[in-house]
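See below for the structure under consideration.
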DNA sequence: ACCTAAACCTGGGCGC
DNA sequence: TGCGCCCAGGTTTAGG
């Protein structure tokens, strides 16, 4: 679900479809998700999209920005004359608007942007652009893959912590963007037991894990993200990574590498999947 | 500094 | 059929 590759997929879609549009009207159906004054959006044009960790920022040409976190089940879906015949995922989106549609942005040129969120965990905040980076969520974000997470920084984070390596790499303050699916798959690919104390990893293992994180995320971005839960792109289409995951959600199945049965247990309260044979 | 659990929600899957 | 329960996972908050 929405981890770095999924949010990146949304970002790419918003850059392609939303940027350049003017927001004409905002209908907030569920106020709890929406902070700030929707009036600060009306009449403004979207000029750019940023992603910080699993968060999104839509910058406007009037000095305001809209910060968005889609959490587990949020969807941003764009429709206009050209895209209205694109087949949305019936199962995950259905008719628009649906009873999971909580905010509707009416755009110029006959376009609409829907914010859907089945479980209502996500948030949208409207605030002056210069204040966005002051939000604790963005301010506390650790270095990220494809951005500023160099091998050197990664080594420092891993080697200076006594925490189990999986919860550590999922800690957004330590490293931005990694969630449960990619943490599981990267550790599997690197052959490392998720319960290992991070500082016990050898230099070689840290490098392996670093490459594995990039590997699984790059692959997922190519597949348009993972649609295990409710994830779809801005046209309402599902991603494909869930059909290509390595170990996530595969308990009871055979490890493709050595045939061992994949085990599931909980670590830090999260479902954790390993091949007990080659993850040491 | 580190850990766990609960809270926020809803729908899908399962056992009975 | 249908009820009740568990589970899914991002983040925050509370407490040990």
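In the numbering used here, the protein residues as written are 1153 to 1432. C-beta: ideal position from N, C-alpha, C; glycine also. Since we're looking at a predicted model, the values are computed, not measured.
{"Asked": "Segments of 4+ residues assigned as alpha helix (DSSP H) that fall wholly inside the region 1343-1379", "Found": "1355-1374"}
{"Asked": "Cβ contact check for the region 1238-1252 and the region 1207-1216: 3 or more pairs under 8 Å", "Found": "no"}
{"Asked": "Neighbourhood of residue 1325 by C-beta, 8 Å cutoff - its chain only, sequence neighbours within 5 removed", "Found": "1292, 1293, 1294"}
{"Asked": "Residue of 1356, 1323, 1220, 1342 minimising C-alpha distance to residue 1160", "Found": "1220"}
{"Asked": "Nearest neighbour of residue 1250, chosen from 1268, 1419, 1189 [CA to CA]", "Found": "1268"}
{"Asked": "Cβ contact check for the region 1169-1179 and the region 1338-1355: 3 or more pairs under 8 Å", "Found": "no"}
{"Asked": "Chain-order list of residues whose beta-carbon lies under 6 Å from that of residue 1307 (same chain, five-residue window excluded)", "Found": "1358"}
{"Asked": "Continuous beta strand (DSSP E) assignments of at least 3 residues falling wholly in the region 1216-1252", "Found": "1216-1221, 1226-1231"}
{"Asked": "Buried versus exposed, by CB contacts within 10 Å (16 or more), residue 1297", "Found": "buried"}
{"Asked": "Sub-9 Å separation of residue 1276 and residue 1218 beta-carbons", "Found": "yes"}
{"Asked": "Nearest candidate by alpha-carbon position, reference residue 1332, set 1354, 1226, 1407, 1418", "Found": "1418"}
{"Asked": "Sheet register partners of residue 1320 (DSSP bridge)", "Found": "Per DSSP, none; premise fails for residue 1320."}
{"Asked": "Integer-rounded CB distance, given that residue 1289 should sit under 8 Å from residue 1207", "Found": "6 Å"}
{"Asked": "Length-filtered (3 minimum) beta strand (DSSP E) runs lying within the region 1263-1341", "Found": "1264-1269, 1275-1280"}
{"Asked": "Helix, strand or coil at residue 1411 according to DSSP, with G and I counted as helix", "Found": "coil"}
{"Asked": "Distance CB(residue 1310)-CB(residue 1320) smaller than 9 Å", "Found": "yes"}
{"Asked": "Exposed unless 16 or more other CB atoms sit within 10 angstroms - verdict on residue 1271", "Found": "exposed"}
{"Asked": "Rounded distance between the beta-carbons of residue 1278 and residue 1216, thought under 8 Å", "Found": "6 Å"}
{"Asked": "Residue 1402 versus residue 1414 - alpha carbon distance", "Found": "7 Å"}
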